[in-house]
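All the letters of the sequence shown, read from the start, carry residue numbers 81 to 401 under my numbering.
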Amino acid sequence: MSTEAIAAERPKRNYNALFGLTLLALLVLLWVILSLATTSFASANNISNLLRQGSMIAILAVGQTFVIITGGIDLSVGAVVGFSTVIAAMLINAGVPVFAAILITLLVGVAIGLFHGFGIVKMGLPPFIITLATLTSLRGIGLLMTNGNSISINNDAFQEFSRNSFVGIPNLFWMVILVGIPAYIFLHHSRWGRYLFSVGSNAEASRLSGVNVQRTIYMAYTLSGLCAAFVGVLLASRIGIGNPTQAEGWELQAIASSVIGGTSLFGAVGSVHGPLLGAFILATINNGANLLNVNAFWQRIITGLLIIVIVYFDGLRRRGK
């Protein structure tokens, strides 16, 4: 790890901690305001629905964060989610045991991530281009595999998982915890996580310091693909079908959640808790706007303004160093 990256690590952690507390305060404030402004926001059914809405985007945002920290971007995650619903549905309907079908689907996500790493490292393609190409291609491949139709999943137990709760908390939210804890340990308490920050800070200095930059890039995109495939499995469970057109636009929501959560699009700054909070802030805004009968177009405008403000202040912070 470069000397520059080591020197910058402590301020980054302090910044992430402070920003995380700010996001948590904002989320709590939104919940309080909406609880007072509407009669249904604080109901058990609505909170459960909100948690389900935010959970899958939150997991996508974690995978996206790994990539953005290295200075890259993954525009394919929404298409990977849709494609994964098709793979899971076809395998389960073919009689493959559910556990094996899930494992194979996750491996497909890993393979897609490795392909992105290969395109960037070996072919010299910009991350934007290779992942955009995958976004388009996977939608087309999925439509060819299904002849443009949805595939109904014939397994009640698989579908029930995403609709049930454990100790009053939706299973989908437990999946966020399942992903979030190891992701936090990996990013903030392992040398591999430090390598991600180092590569995002200065790839050439990292290479000269002994960091395997190419392997680190492969790792980031593989983790992003894995998270996207996992979300695809969860989505297939929730809606009970495989459809390659599902999750359209989710890549933008994942990027927005990550950026709102404090991940810098310039690389080398990010956390796990920030994007998770960012995803639930967006879910809360959308949920509250629906309850208040706010035009859906305004929801997009609010999200866009949030991104502009946060990226602007991130630029000020960088120039202030």
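Heads up, the beta-carbon is just placed ideally off N, CA and C, and yes, glycines get one too.
Query, Result
"DSSP-derived helix/strand/coil call for I233", "coil"
"Distance CB(G152)-CB(P207) smaller than 8 Å", "yes"
"Neighbour-count burial assignment, S337, 16 or more Cβ in a 10 Å radius", "buried"
"For G151, three-class secondary structure by DSSP", "coil"
"Range of the contiguous alpha helix (DSSP H) that encloses A181", "V178 to V201"
"Range of the contiguous alpha helix (DSSP H) that encloses L342", "According to the sequence shown, residue 342 is Gly rather than Leu. Here G342 belongs to no alpha helix (DSSP H), and DSSP marks it neither H nor E."
"Three-state secondary structure (DSSP) of P324", "coil"
"Enclosing alpha helix (DSSP H) for G158 [first to last residue]", "V157 to N173"
"Exposure of L288, with buried meaning 16 or more beta-carbon neighbours within 10 Å", "exposed"
"Where the alpha helix (DSSP H) through A309 begins and ends", "V293 to I319"
"Whether I210 touches G347 by CB criterion (8 Å)", "no"
"Per DSSP, the bridge partner or partners of F207", "According to the sequence provided, residue 207 is Pro. The question's Phe does not apply to it. Looking at the DSSP assignment, P207 forms no beta bridge with any residue, so it has no partner."
"DSSP-derived helix/strand/coil call for S217", "helix"
"Sequence-distant residues of its chain with Cβ nearer than 7 Å to V291 (five each side left out)", "M81, Y275, S278 and V279"
"Opposing strand residues paired with P250 [DSSP bridges]", "S245"
"Environment of R380 [buried if 16+ CB atoms lie within 10 Å]", "exposed"
"G395 burial status per 10 Å Cβ neighbour count (16 or more: buried)", "exposed"
"Distance, A97 Cα to G220 Cα", "42 Å"
"Burial state of Y301 (16 or more Cβ within 10 Å)", "buried"
"Given 8 Å, three or more beta-carbon pairs between the region 260–269 and the region 164–177", "no"
"Inter-residue spacing [alpha-carbon to alpha-carbon] between G305 and G189", "5 Å"
"Cβ distance (whole Å) where S414 is taken to contact L218 below 8 Å", "Past the boundaries of the shown model lies residue 414; the chain is included only from 81 to 401, so the question cannot be answered."
"Segment limits, alpha helix (DSSP H) that includes T402", "Given a span of 81 to 401 for the chain in the structure shown, any question on residue 402 remains unanswerable."
"Close-in-space but distant-in-sequence residues of the same chain around G358 (CB under 6 Å, 5 per side omitted)", "S337, I340 and G341"
"Spatially closest choice to M136 from T118, S242, A180 and I231, by CA coordinates", "S242"
"Cβ-Cβ separation, V311 to V178 (assumed contact under 8 Å), whole Å", "Rounded, the Cβ-Cβ distance is 17 Å, inconsistent with contact."
"First through last residue of the alpha helix (DSSP H) which encompasses A283", "A283 to L288"
"Reduced DSSP secondary structure (H/G/I, E/B, other) of V108", "helix"
"Contact set for N244: own chain, Cβ-Cβ below 7 Å, skip 5 residues either direction", "N251"
"Candidates G273, W272, I297 and I192, of which the one nearest A283 by Cα", "I297"
"Buried or exposed by the 16-neighbour rule on C-beta atoms within 10 Å, applied to A85", "Interpretation of A85 is limited by its pLDDT of 46, a score under 50 that renders its predicted location unreliable; the figure taken from the coordinates is listed afterwards. With 16 or more other Cβ atoms within 10 Å, it is buried."
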